[in-house]
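Okay, so the sequence shown: first residue is 0 according to numbering that gives the first Met the number 0, each after it adds one.
All C-beta atoms in this analysis are idealised placements derived from N, C-alpha and C, irrespective of residue type, glycine included.
Just so you know, these numbers come straight off a predicted model, no measurement behind them.
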Amino acid sequence: MKTHRHMDNRELAGLFRALASALEIKKKNRFRIIAYQNVAASIEKSPQELKDLWREGKLDQVPGIGKNIAAHLDELFQTGRVKHFDQIFRGLPEAMFKLMEVPGIGPKTAYKLATKLKLNQASTAVPRLKRLAQEGKLRRVEGFGEQSEKDIIQGISEFHQKEDRMLLSAASHLARKILDHLQKSPLVIKAEHLGSLRRQKDTVGDIDIAVATKNPQGAAAYFLKFPEIKKITDQGEKKVSVLLKNGRQVDVRFHPPDEYGSLVQHFTGSKSHNVKLRELALKKGLSLSEYGIKKGKSLKKFASEEKFYAALGLKYIPPELREDRGEITTKVLPKLVELDDIKGDLHVHSDIDIQTSHDLGADSLKNLVLKARSLGYQYLGVADHNPATTNHTSKQIIAIIKARKDKIDKFNTSHENKMKIKVLNLLEVDIKPDGSLAVPEQGLDLLDFALVSIHSSFRQPLKTATQRLLTGLSHPKAKILAHPTARMLNRRPPVNLDWDKIFAFCLKNHKVLEINSSPERLDLPDSLVKRAVDLGVKLAVNTDAHAADQLGGIASGVAVARRGWAEARDVINTLPYAKLAAILNL
Ligand code: DGT
Ligand code: CA
Ligand code: CA
Ligand code: ZN
């Protein structure tokens, strides 16, 4: 694996996953492997670039990064290499790590393919593998047959579709840095982010920024002093596009304040929203552009978006709705749910060690509750992963859950919880491939309720996966389906599911779908949220936080809910505790 000094979070997460896989191939200690996997997951969740945190001496704020890893990162950011990592990778073909980016290919398969097929070069490994599979030559490798050739060809086509887009949280953070720079100039009257970032789309291609200024040339010259710029890719009278050192593109427009409203509207998009708007305008004999609205030869300028929409006979349309999903033709726009409506979080991991095979949270009940308090919450659903089923008997699992329940009960009545935040005794329970739950009946009985979710066998066919999920969800204690599609942005496609069936089941049986706010999940995705809302299926916006700090990340989930047209009444955790308890039968 090649490393370099300027690795961004995405590359770093990839590096730690590769390290974990290398250790797995070399059959090293399981706990070291899990530790590296946890670092990767935690880097993916971090909204701030690790390199920035390192520069500020704040690496220890990232959960999972202890003294050792911090020292390795120090070496990496200073020299571009880490001796210890080179040692871990020694003797393994580089191509195997490229092959692992193909959906469906794990470390062992990748190692076998790379060595047996002598795929030495990382850059050509995937196309060469594809050719061999198409030519039917893979089946010469022991353990591979016609079906696995087909699976690999399918996986490679998904690999090619994987777009290299920024996660919303990373894009927000990058835009913040650029806006902070711009706002230091006296020439800049106003500056804000536009495009998909302003619409809060789950992933962002490039960053668009608008600047209101009386001196476009001067403001553009000032912008170009931003230290992260690698090169200018396009420059006009009122715009400049640049490529940053991290490989990301930024488009900035500089317009006078009296036409700022139409500028912002135009470059917020989306393209399809603007196309619909233009059609509407055309019927009224008007034409639209970033400069304003033209009737014949006369151009009317707009300082604000409100006035721009009003001139077309429309109410102001919130940016999250501008996706051409009916927002222009609808009689009434929804009153979208807001961050302030949220009264609690129903999916948070604590540091109570119940010997799970997934990752623990980093913080104690007390610290989680302190943070919840600062957010103005009334309740907190502590939903640790279920105890591992591989090395415990049912009896042991039940005993572990009982001990945890006692701990939470005690906390709720203790002086430590003076904050009057109700801690709910939940678990995030795996739905096993056959649909059964990973916790025995008597264990489930001990809970306030369970969130159920998929953490393995992600590639089942549609019918099997749908049935699996509905079987898991049908248990009376299962109230919320967590991260329903199990997708990971840029890494794993959603599970194949029959959504009509799932929505109908949820409606009939009062099951709730989670909108998971983790930056790399944002799951349920917005388009499915819209369908759920149209049908009246209830939602819960949760963080899945693994540290107290991450509770603040709920804003991303609220954004997804808004993009799906959700109002406060569609989201159960906008309810005060008494009402929540009533609808969930607590
Ligand atoms: P992205 O960057 O792929 O996540 O998506 P957007 O929506 O930010 O798209 P982008 O950056 O290509 O353009 C920003 C907005 O500018 C887009 O939402 C619609 C608007 N726009 C208006 N006219 C045009 C045009 O002629 N070309 C493009 N590409 N965008 C336009
Ligand atoms: Ca963009
Ligand atoms: Ca753009
Ligand atoms: Zn989960």
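Margin query: Are the CB atoms of residue 378 and residue 343 within a distance shorter than 8 Å?
Written below: yes
Note to self: My assumption, with CB atoms under 8 Å, is that residue 480 sits in contact with residue 510. Please give the rounded CB distance.
What the structure shows: 6 Å
Notebook entry, point to check: So what does DSSP say about residue 447, is it helix, strand or coil?
Noted result: coil
Notebook entry, point to check: Per DSSP, residue 538 is paired with what?
Noted result: 512, 570
Checklist line | DSSP bridge partner residues for residue 452 (one or two, in chain order) | finding: 429
Next item on the list: Give a yes or no on whether the C-beta atoms belonging to residue 111 and residue 81 are separated by under 8 Å.
Entry: no
Checklist line | Spatial neighbours of residue 191 in its chain, beta-carbon cut-off 8 Å, leaving aside the 5 residues before and after | finding: 178, 197, 208, 209, 263
Checklist line | Alpha-carbon to alpha-carbon, residue 538 and residue 571 | finding: 6 Å
Check: If you measure from the CB of residue 163, is any heavy atom of ligand 1 nearer than 7 Å?
Finding: no
Next item on the list: Kindly indicate which three-state DSSP category residue 473 falls into: helix, strand or coil?
Entry: coil
Notebook entry, point to check: If you run the structure through DSSP and keep just helix, strand and coil, what is residue 361?
Noted result: coil
Check: Distance, Cα to Cα, residue 168 vs residue 394?
Finding: 42 Å
Note to self: With distance defined between alpha-carbon atoms, name the residue in 136, 113, 478, 60 nearest to residue 125.
What the structure shows: 113
Notebook entry, point to check: For residue 516 versus residue 555, is the C-beta spacing smaller than 8 Å?
Noted result: yes
Item checked: Neighbourhood of residue 456 by C-beta, 7 Å cutoff - its chain only, sequence neighbours within 5 removed -> 432
Check: For the region 5–19 against the region 37–50, are there 3 or more C-beta pairs whose distance is under 8 Å?
Finding: yes
Checklist line | DSSP bridge partner residues for residue 252 (one or two, in chain order) | finding: 209, 238
Next item on the list: Going by DSSP, name the residue or residues bridged to residue 343.
Entry: 378
Check: So, is residue 212 buried or exposed, given that buried needs 16 or more other C-beta atoms within 10 angstroms?
Finding: buried
Check: What does the shell around ligand 3 hold, if a residue joins when its beta-carbon is under 5 Å from any heavy atom?
Finding: 205, 207, 250
Next item on the list: Can you have a look at residue 331 and say buried or exposed, based on whether 16 or more other CB atoms are within 10 angstroms of its CB?
Entry: exposed
Check: What are the start and end residues of the beta strand (DSSP E) that includes residue 191?
Finding: 189–192
Next item on the list: Along the beta strand (DSSP E) that carries residue 556, what are the first and last residues, could you check?
Entry: Per DSSP, residue 556 belongs to no beta strand (DSSP E); it is in the alpha helix (DSSP H), 553–562.
Checklist line | DSSP three-state assignment for residue 424, whether helix, strand or coil | finding: strand
Next item on the list: Could you check the C-alpha separation between residue 259 and residue 550 for me, to the nearest Å?
Entry: 35 Å
Next item on the list: Measure how close the beta-carbons of residue 522 and residue 484 come, nearest whole angstrom, since I'm counting them as under 8 Å.
Entry: 5 Å
Next item on the list: Give the single residue among 412, 477, 416, 410 whose Cα lies nearest to the Cα of residue 434.
Entry: 477
Check: What's the C-alpha gap between residue 337 and residue 564?
Finding: 11 Å
Next item on the list: Take residue 558 and list the residues in its own chain whose beta-carbon comes closer than 7 Å to its own, dropping the five residues that flank it on each side.
Entry: 199, 319
Margin query: I'd like to confirm something about residue 566: is its beta-carbon nearer than 7 Å to some heavy atom of ligand 4, or not?
Written below: no
Notebook entry, point to check: For residue 327 versus residue 279, is the C-beta spacing smaller than 8 Å?
Noted result: yes
Item checked: Cβ separation of residue 128 and residue 91, assumed to be a contact under 8 Å, to the nearest whole Å -> That belief does not hold up - the Cβ atoms of residue 128 and residue 91 are roughly 17 Å apart, past 8 Å.
Check: Can you name, in chain order, every residue of its own chain whose Cβ lies under 6 Å from the Cβ of residue 409, other than the five neighbours on each side?
Finding: none
Item checked: Paired residues, beta bridge with residue 409 - DSSP -> For residue 409, which the question treats as bridged, DSSP gives no partner whatsoever.
Margin query: Between the alpha carbons of residue 351 and residue 369, how many angstroms are there, rounded?
Written below: 16 Å
Next item on the list: Tell me whether residue 102 is buried or exposed, calling it buried when 16 or more other Cβ atoms sit within 10 Å of its Cβ.
Entry: buried
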